[in-house]
Amino acid sequence: MPERPYTLLSCSMSIDGYIAGAAERLLLSNGDDFDRVDAVRASCDAILVGAATVRIDNPRLLVRSERHREQRAARGLPPSPAKVTVTRQARLDAHADFFTAGEAEKLVYCASPRVGDARARLGEVATVVDGGHTVRMRRLSADLAARGVERLMVEGGGNIHTQFLTDDLVDELHLVVAPVFVGYSDAPRFVRDGTFPWNPTRRARLAEVRQIGDVVLMRYALSARFGAG
Ligand SMILES: NC(=O)c1ccc[n+]([C@@H]2O[C@H](COP(=O)([O-])OP(=O)(O)OC[C@H]3O[C@@H](n4cnc5c(N)ncnc54)[C@H](OP(=O)(O)O)[C@@H]3O)[C@@H](O)[C@H]2O)c1
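Just add 1329 to wherever you are in the sequence shown, counting from 1, and you've got the numbering used here.
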C-alpha cells in the first residue's frame, strides 16, 4: 500500500491570483467547470478542506450528479467521498453543512491540545482524530492511507494548499483562472509564503491546458505518480 493517497490539489483563482474576494463569496468558476469539479470529486475517496474554509464558505462537499453517484454506488462506494478537515482551535460548528450534509464519513484532525474540545463539540457528527501536537500533512496523509483513502482531493484554502505543496505531497494540481479581478491585496491568495519544490531551477510540468467556457484549467504534474492514481 502506498504511504500516502494519490493527491490532487484543486483551486480556482482570479486573474490577479486571489482565491476569494474581500467580503461576499466570489464565483471563480462556471457551470461546466462545476461539472468537471463534481466529476473529480466523484473519482476520489476523500475531500479535504481547512477549518477556515468550513467556517467561511460552509461547503457541502457532496457529489451533485446523479450519474456520478450511481457510478460510485455500482463500485460499492458511498454517494460522496469522505470529508476531512484540520483544526488547531476546534472552533467548528457541528451544524455546519460540512457535518450535516450527506452520509459520508467526516474526519476532523485536531491538534492534541484541543482534541477534548473537538470531541465535545463534534463527537456526535464526526470522527475526531488526534493529529499530534502539531498536525503535519505528511502524517495526516499516511493516516488517511491507512484508513483506505487511495485518492485524496485537497480543495483549499491557501493555508492548507501551502502545507501540502511545501511538504511535496501533491501529485497533480488543477488550477482554474476565472476572468475577474479582485483588486484587494488583503484577499486570500492561492498559497502563502513558503519554500516550494518547484522554482526557477526546478520547474513544474504543465500537463494540460483546457478552455472551459470563460475559465481556463491548467493541470500540472507534480510527481512521478502523476496520472497513475
Ligand atoms: N477559490 C478556491 O478554490 C477556494 C477553495 C477553498 C477555500 N477558498 C477560500 O480560502 C479562504 C480560506 O483559506 P485560509 O487559507 O484562510 O484557510 P484554510 O486553509 O481553509 O484553513 C486554515 C485553518 O485550517 C486549520 N489548519 C491549517 N493547518 C493546520 C495544521 N497544520 N494543524 C491544525 N490545524 C490546521 C486551522 O484551523 P483553526 O483556525 O480552526 O485552528 C487554520 O486556521 C476562504 O476565503 C475561502 O473562501 C477558496
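The beta-carbon is built from N, C-alpha and C at its ideal position, and this holds for glycine as well.
Query, Result
"Per DSSP, the bridge partner or partners of leucine 1357", "The partner list for leucine 1357 (beta bridge, DSSP) is empty, contrary to what the question assumes."
"For aspartate 1422, the nearest candidate out of Thr1456, Arg1450, Asp1362 (CA to CA)", "Arg1450"
"Bridge partner(s) assigned by DSSP for asparagine 1528", "Arg1531"
"Collapsed DSSP secondary structure at histidine 1503 in the structure displayed", "strand"
"Own chain residues within Cβ distance below 6 Å of isoleucine 1489, not counting five before or after", "Gly1379"
"Cysteine 1373 Cβ short of 7 Å to ligand 1 heavy atom set", "no"
"Distance cut-off 7 Å: isoleucine 1385 Cβ against heavy atoms of ligand 1", "yes"
"Valine 1567, DSSP secondary structure in three states", "Residue 1567 lies beyond the range of the chain shown here (1330 to 1558); nothing can be said about it."
"Proximal residues to asparagine 1528 (C-beta, below 7 Å), its chain only, five neighbours per side dropped", "none"
"The alpha helix (DSSP H) enclosing valine 1383, as first and last residue numbers", "1380–1386"
"Beta-ladder partner(s) of valine 1464, from DSSP", "Bridge partners of valine 1464: none, in fact."
"Heavy atom of ligand 1 within 7 Å of glutamate 1484 beta-carbon", "yes"
"Contact test: alanine 1381 Cβ vs ligand 1 heavy atom, cutoff 7 Å", "yes"
"Straight-line Cα distance separating leucine 1390 from threonine 1382", "11 Å"
"Through-space distance from valine 1437 to valine 1462, alpha-carbon basis", "Rather than valine, the amino acid found at residue 1462 in this sequence is histidine. Cα to Cα, histidine 1462 sits roughly 14 Å from valine 1437."
"Segment contact flag, the segment 1537–1549 with the segment 1354–1367, C-beta cutoff 8 Å, min 3 pairs", "yes"
"Whole beta strand (DSSP E) elements within the segment 1371–1428, 3-residue minimum", "1375–1379, 1411–1416"
"Bounding residues of the alpha helix (DSSP H) (the contiguous stretch that carries alanine 1449)", "1444–1451"
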